[in-house]
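Here is the structure we will look at.
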Amino acid sequence: MLRDFYRLEDLGLNQEVKSKLNKLLDEDVYRFVENNIKFDDKTVILDTDSVFSVEIIPKRVNSILNFRLVNNFRWINKYFESINAKLNKGGLFLGCVETYSQRRQRILNRFNPFISYPMYFLDFIVKRVLPKLKITGKIFHSPARCEERAISRVETYGRLYASGFELVCEKKINNILFFIFKKTDTPKYEAEKHCGMVIKLKRIGKNGKEMEVKKLRTMYAYSEYLQSFIYKRNLLETGGKF
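Counting in the working numbering, the sequence shown runs from 408 upward without gaps.
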């Protein structure tokens with residue numbers, strides 16, 4: 408995505424960041440950024456997959472841009488939580504992710520069908536199935552295995568909504584999904600999250616007593632946090648049917 412290798416962290420809080428970005432970014436990416444982000448001395452630019460690079464931002468800012476794929480973070484919730492903590496209320500966060508469909512397109516377009524389809528099947532098993540299983544999940548979420556994580560658009564946005572953000576705009580550029588979210592609240596997800604095939608849910612039982620049930624997951628992980636997004640996107644009234 409970047410035209411040249413450059414540590415954007417070095418730009419820090421800089422009034423001239425806009426002109427520097429113009430030289431570093433792909434033209435379509437830069438246009439998307441320029442049309443949606445107001446640059447000032449409270450704008451931070453990052454190209455990092457380290458949560459620590461976010462945590463060392465010295466003060467709250469109005470906008471944070473990170474051009475490293477969400478797929479490369481080991482602790483995605485912690486990353487979004489750290490972004491939230493460093494933004495002022497109403498602040499903007501620009502990020503990017505390679506979704507399931509974009510990943511599939513990239514792999515299938517790499518070689519001829521006789522090679523690419525078996526490669527995609529193997530990638531599907533290794534990156535999407537095994538990480539969800541309790542036995543193999545810890546192995547595939549180790550530091551050595553967390554790069555190029557397979558993640559859906561729904562899960563990415565669900566994690567962001569759970570972390571206190573709301574979608575402003577999105578755009579697919581060069582087979583990568585770029586998004587801008589606005590900070591609206593503090594993180595509200597539970598400490599224990601359910602990304603596996605069997606999930607635990609809280610339900611109200613007899614006499615109003617809260618109980619815990621287990622079920623096979625039939626929706627994308629974190630989709631339970633996207634109800635407000637679905638209502639707004641489909642112009643539905645609260646309580647209306649999808």
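Glycine residues also receive a C-beta, built at the ideal position from the N, C-alpha and C atoms. Keep in mind it's a predicted model, so treat the numbers as computed, not measured.
For this session: If I'm right that R556 touches N478 with Cβ under 8 Å, what's the distance once you round it to whole angstroms?
Result: 5 Å
Problem set entry | Continuous alpha helix (DSSP H) stretch holding T563: start and end | 560-569
Problem set entry | Beta-carbon proximity of Y564 to F636, cut-off 8 Å | For the 8 Å CB-CB criterion, Y564 and F636 form a contact.
Exercise. Going straight from the alpha carbon of K609 to that of Y632, what length do you get?
Worked result: 14 Å
For this session: Sort out for me which residues DSSP pairs F396 with in a bridge.
Result: An answer regarding residue 396 cannot be provided, because it is not within the stretch 408 to 649 covered by the chain.
For this session: Could you spell out the range, first to last residue, of the beta strand (DSSP E) harbouring N495?
Result: 494-504
Exercise. When the Cα atoms are used, what is the spatial distance from R573 to L567?
Worked result: Looking at the sequence provided, one finds Glu at residue 573 rather than Arg. Rounded to whole angstroms, the gap between the alpha carbons of E573 and L567 is 7 Å.
Problem set entry | With 16 other Cβ atoms within 10 Å as the buried cut-off, status of G615 | exposed
Problem set entry | Distance, V620 Cα to T593 Cα | Rounded to the nearest whole angstrom, the CA to CA distance from T593 to V620 is 27 Å.
Exercise. Can you give the Cα-Cα distance for P525 and N582, rounded to whole angstroms?
Worked result: 21 Å
Exercise. From F480, D454, T455, S489, pick the residue whose C-alpha is nearest to that of K466; which is it?
Worked result: Checking every option, the nearest Cα to that of K466 belongs to S489.
Exercise. Should F412 be labelled buried (16 or more other beta-carbon atoms within 10 Å of its own) or exposed?
Worked result: Residue confidence is low: F412 scores 42 on pLDDT, short of 50, so the model does not pin down where it sits. Its coordinate-derived value is still stated next. Answer is exposed; the Cβ neighbour count stays below 16.
For this session: Rounded to whole angstroms, what's the CA-CA distance from A598 to P520? Just pull it up for me.
Result: Low local confidence applies: a pLDDT of 49 at A598 is under 50, so the model's placement there is unreliable, with the coordinate-based value given in what follows. Computed Cα separation, rounded: 43 Å.
For this session: Over the uninterrupted alpha helix (DSSP H) stretch that includes F477, give me the two end residues.
Result: Per the sequence shown, the amino acid found at residue 477 is Val instead of Phe. Element bounds for V477: n/a, residue is neither H nor E.
For this session: Give the DSSP-derived three-state secondary structure of I522 in the structure shown.
Result: helix
Exercise. What is the rounded straight-line gap between the Cα of L584 and the Cα of K607?
Worked result: 30 Å
For this session: Alpha carbon to alpha carbon, how far is V533 from L515? Give it in angstroms, no decimals.
Result: 16 Å
For this session: Report yes if the C-beta distance between L499 and V440 is below 8 Å; otherwise report no.
Result: Here L499 is not near V440, since their CB atoms are 8 Å or more apart.
Exercise. For the ligand NAP, any of its heavy atoms closer than 7 Å to the Cβ of K616?
Worked result: In the structure on display, the ligand NAP does not appear, and there are no ligands present to speak of.
Exercise. From this set, I522, Q634, K449, which residue's C-alpha is nearest S470's C-alpha?
Worked result: K449
Problem set entry | CB-CB length for I444 against L476, believed under 8 Å | No, I444 and L476 are not in contact; Cβ-Cβ is about 19 Å, not under 8 Å.
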